[in-house]
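Participant: Using this note's numbering, you'd call the opening residue of the sequence shown number 178 and step up by one each time. For each residue, glycine too, the CB sits at the ideal point set by N, CA and C.
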Amino acid sequence: MLQGAVPTMGRAAVVNGAQLATYSQAKQKLLEVGSEVVERVDNFTYLGSLISPNGLVSDKISARIRKARKTFANLRHLWRRRDIRLSIKGRVYC
Numbered sequence: 178m179l180q181g182a183v184p185t186m187g188r189a190a191v192v193n194g195a196q197l198a199t200y201s202q203a204k205q206k207l208l209e210v211g212s213e214v215v216e217r218v219d220n221f222t223y224l225g226s227l228i229s230p231n232g233l234v235s236d237k238i239s240a241r242i243r244k245a246r247k248t249f250a251n252l253r254h255l256w257r258r259r260d261i262r263l264s265i266k267g268r269v270y271c
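1. Alpha carbon to alpha carbon, how far is Ser239 from Arg257? Give it in angstroms, no decimals.
2. What do you reckon, are the CB atoms on Ser229 and Asn220 nearer than 7 Å?
3. Would Leu224 and Val215 be called neighbours here (beta carbons separated by less than 7 Å)?
4. Determine the DSSP secondary structure at Cys271, reduced to helix, strand or coil.
5. Within the continuous alpha helix (DSSP H) that includes Leu255, where are the two ends?
6. Going by DSSP, what residues sit across from Ile228 in a beta bridge?
7. In chain order, what residues of the same chain have a beta carbon less than 8 Å from the beta carbon of Phe249, not counting five sequence neighbours either side?
8. What separation, rounded to the nearest whole angstrom, lies between the Cα atoms of Ile261 and Ile242?
Structure below.
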């Protein structure tokens, strides 16, 4: 289905079947699979590494730190609650 579409667009990678990361700065055509348009993204994670628009691979440590920061921020409501004991918050943190 995607044969022939990707090579004409320059270097590209299909991610999760619904995202497309392109590395060339030239104007790109829309990529459609069936009747759906594939979303273009600037960065994506592949096998634990962050792939950037210029094709560079960010190290796994930076990607893990970003993931941990996001997870910790999602628990902000828990940290602010005063009715939950500090010992329980400590168990969640560790």
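Facilitator: In short, the structure shows the following:
1. The straight-line gap from Cα to Cα measures roughly 27 Å.
2. A contact, by the Cβ cut-off of 7 Å.
3. No; because the gap between Cβ atoms is not below 7 Å, this pair is not in contact.
4. If DSSP states are grouped into helix, strand and coil, Cys271 belongs with coil.
5. Judged by DSSP secondary structure, Leu255 falls within the alpha helix (DSSP H) whose first and last residues are 253-257.
6. Listed as beta-bridge partners of Ile228 by DSSP are Phe221, Val234.
7. Correct list: empty, nothing qualifies.
8. One C-alpha to the other measures close to 26 Å.
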